[in-house]
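In the working numbering, the protein residues as written are 50 to 686. Following: one structure in structure tokens, then a few remarks.
Right, dumping it as structure tokens:
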């Protein structure tokens, strides 16, 4: 109770800057600041894979803009994702994060699809995302679109509880030099460089590089966790606009990271590279197509556990066109090949260690204007074939009703699946007989039927409010089944759990003055899993979900006199009951000075309310996140 009261008082203190509202000066930064009305008119593409206004989307979507990221002081993608109040973002240790939407949160978050510039960063071994190797220069990000709720009808399997679509700026938008650097108590040191120029008429390029060193975290029971983190990354992008109707993009990245680990096995090494090419052709104002291909190579060596080399090859095509005056059709097809090679150890193993898995997919969607500019019905489905569970059909229906120009009500019914991963089918622990746990050779896809209802209103040009409610019906959720008889080994992975979740997401965005903005979000999630008849897994989902029931966040951004900026962010996270992680409230604060469009100096404090606090994990192995302060200088020229 005392924690709740302290959090409530601290959140109210964020509104104190009203005293400065009448004396705000315009920042000299050359980054556009969107009004609430302009933000609602921002075009997003994640919901329907075509440009549409944020205010018109029939989905629970939030947009993190480049300005939001700059004002937050975020230095990595997971930190930036805290700005989306419809996500659960829990830091596990110095380099690992548990990120999900609408529950079932784990360190790999296998119900959430993450895409960076059209490239899926899904890892088929664990059916999730390794956040310690997902990075880019933060100043290059154009926006992050976050959908909570199924997106499988367009994005496919594993977009069960949400989609994170990260889009970087074009090379044309990043011309000139940018240098940045800084350091502090937890983020010991970091630096980055970008240069953009032209190769010929209408051919733009940029190159970038960045590196950082981060300190270890603390064990909850005392002592250092021995997980210092060093990482570097570089890349390039070229955009060619031969005509007004065509854009050709070629881009790539390479990275290398080293993560200390306790014991005598040595540090974890992670390296990777990717190349992507995309051709976008505009046929007419309401018709276009895009062809994209990419290659992604990742390698991770965890001494004493395993090593994995994964190559991903992907081809994707999509085409949009109108049919008459009332139908907007989009369809597409894709092919993906995962070539995975694993070096087993006595600790754990995958059999067979070398696999090649194919994924064929196609989708179609029709947006039907039932009442011109007022009532829209969207019907679509994704059809996929994978080597584990065969054909999967994932349909969706969405209805949007614009009550007025500034308010809309929407609803949706969707089906989505999480297809089997190597962890489900081919995992053995330990890596040599006798085994204690093995994968389930008959493990099938996890399934979801989702029901959503939302309302969005902009009562004034300076205020926007939204609420999204949901009920999710899960079946065939992953379980660990006891051998029969129970005294025998090994345990086997199965589909022995089922259940449901429900909740609501509320957001508000208020531009009090041109230089003072306040954003608030509250999310409630209630998840209930239980064993199916005949299952011997009575964990009630303890291994598949680590979710707080309540989250609240409050952010305010104030432009102060003399080109100073103040950006406090407060968050309250309730207890994670099945890990006995206590509730907590925390605050991050950024103080910036932007004397010109070329120079930005800032000081950022993170987790300022406690020396250290827990966000995730059982007490015996839990690591706690420490207070940190760092300084940063950005020079643009």
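Backbone N, C-alpha and C fix where the C-beta goes; we use that ideal spot for every residue, glycine too.
Residues near residue i in its chain [Cβ-Cβ closer than 8 Å; skip 5 each side]
{"i": "residue 532", "result": "538, 539, 540 and 541"}
{"i": "residue 667", "result": "628 and 629"}
{"i": "residue 167", "result": "325, 327, 341, 343 and 365"}
{"i": "residue 88", "result": "103, 112, 114, 513 and 558"}
Closest by C-alpha distance to residue i, when choosing among the options
{"i": "residue 353", "options": "438, 364, 479 and 483", "result": "479"}
{"i": "residue 602", "options": "387, 128, 622 and 501", "result": "622"}
{"i": "residue 113", "options": "98, 130, 124 and 97", "result": "130"}
{"i": "residue 358", "options": "107, 133, 345 and 367", "result": "345"}
{"i": "residue 598", "options": "211, 492 and 575", "result": "575"}
{"i": "residue 600", "options": "249, 625 and 232", "result": "625"}
{"i": "residue 283", "options": "266, 298, 259 and 421", "result": "259"}
{"i": "residue 170", "options": "199, 554 and 204", "result": "204"}
{"i": "residue 377", "options": "409, 404 and 425", "result": "425"}
{"i": "residue 96", "options": "670, 389 and 201", "result": "201"}
{"i": "residue 454", "options": "429, 490, 423 and 527", "result": "423"}
{"i": "residue 285", "options": "368, 302 and 272", "result": "302"}
{"i": "residue 398", "options": "482, 445 and 456", "result": "482"}
Simplified DSSP state of residue i, which is helix, strand or coil
{"i": "residue 610", "result": "helix"}
{"i": "residue 635", "result": "strand"}
{"i": "residue 474", "result": "helix"}
{"i": "residue 89", "result": "helix"}
{"i": "residue 481", "result": "coil"}
{"i": "residue 82", "result": "coil"}
{"i": "residue 620", "result": "strand"}
{"i": "residue 164", "result": "strand"}
{"i": "residue 181", "result": "helix"}
{"i": "residue 696", "result": "A question about residue 696 goes unanswered here, because the residues of the chain that appear run from 50 up to 686."}
{"i": "residue 218", "result": "coil"}
{"i": "residue 627", "result": "helix"}
{"i": "residue 121", "result": "helix"}
{"i": "residue 260", "result": "strand"}
{"i": "residue 206", "result": "coil"}
{"i": "residue 309", "result": "coil"}
{"i": "residue 522", "result": "strand"}
{"i": "residue 515", "result": "strand"}
{"i": "residue 45", "result": "Given that the chain is displayed from residue 50 to residue 686, the structure contains no residue 45 and the question cannot be resolved."}
{"i": "residue 395", "result": "coil"}
{"i": "residue 127", "result": "helix"}
{"i": "residue 116", "result": "helix"}
{"i": "residue 61", "result": "Its pLDDT being 46, under 50, residue 61 is placed unreliably in this model, and the coordinates cannot settle the point."}
6 Å CB neighbourhood of residue i in its chain, flanking five on each side removed
{"i": "residue 363", "result": "343 and 385"}
{"i": "residue 514", "result": "506 and 557"}
{"i": "residue 348", "result": "320 and 358"}
{"i": "residue 111", "result": "133, 135 and 195"}
{"i": "residue 504", "result": "458 and 516"}
{"i": "residue 630", "result": "663"}
{"i": "residue 484", "result": "477 and 539"}
{"i": "residue 411", "result": "382 and 432"}
{"i": "residue 86", "result": "510"}
{"i": "residue 685", "result": "227 and 647"}
{"i": "residue 681", "result": "231 and 651"}
{"i": "residue 66", "result": "Residue placement at residue 66 cannot be trusted, given a pLDDT of 49 that sits under 50; the coordinates are not used to answer."}
Burial state of residue i (16 or more Cβ within 10 Å)
{"i": "residue 195", "result": "buried"}
{"i": "residue 292", "result": "exposed"}
{"i": "residue 298", "result": "buried"}
{"i": "residue 421", "result": "exposed"}
{"i": "residue 586", "result": "buried"}
{"i": "residue 90", "result": "exposed"}
{"i": "residue 372", "result": "exposed"}
{"i": "residue 468", "result": "buried"}
{"i": "residue 495", "result": "buried"}
{"i": "residue 20", "result": "Since the first residue of the chain shown is 50 and the last is 686, residue 20 is not available in this structure."}
{"i": "residue 61", "result": "Reliability of the predicted coordinates at residue 61 is poor, the pLDDT of 46 falling under 50, and the value obtained from them is presented with this limitation in mind. Exposed is the call here."}
{"i": "residue 434", "result": "exposed"}
Residues of its chain near residue i, where Cβ-Cβ distance is below 7 Å and the 5 sequence neighbours each way are ignored
{"i": "residue 237", "result": "262, 263 and 264"}
{"i": "residue 498", "result": "464 and 522"}
{"i": "residue 71", "result": "At residue 71 the pLDDT is 40, less than 50, meaning the model places this residue with poor confidence; the figure from the coordinates comes in the next sentence. No residues qualify anywhere along the chain."}
{"i": "residue 176", "result": "157, 159, 207, 467, 470 and 472"}
{"i": "residue 400", "result": "475 and 477"}
{"i": "residue 674", "result": "140, 266, 656, 661, 662 and 664"}
heavy atom of the ligand MN below 7 Å from residue i C-beta
{"i": "residue 445", "result": "Ligands displayed in this structure: none; no statement on the ligand MN is therefore possible."}
Neighbour flag for residue i against chain B, beta carbons, 8 Å
{"i": "residue 408", "result": "Among the protein chains of the structure shown there is no chain B, as only one such chain exists."}
Problem - Sequence ranges, beta strand (DSSP E) only - wholly within the segment 401-476, length at least 3 - result: Assignment of beta strand (DSSP E) within the segment 401-476, counting only whole runs of 3 or more residues, yields 403-420, 424-435, 439-453 and 456-467 in chain order.
Handout entry: Completely contained beta strand (DSSP E) runs for the segment 535-607, where each covers 3 or more residues
Key = DSSP runs (the beta strand (DSSP E)) wholly in the segment 535-607: 540-562 and 565-580.
Handout entry: Every unbroken beta strand (DSSP E) within the segment 352-393, with a cutoff of 3 residues, ordered by chain
Key = Runs of the beta strand (DSSP E) spanning 3 or more residues and lying entirely within the segment 352-393 occur at 355-372 and 376-392, in chain order.
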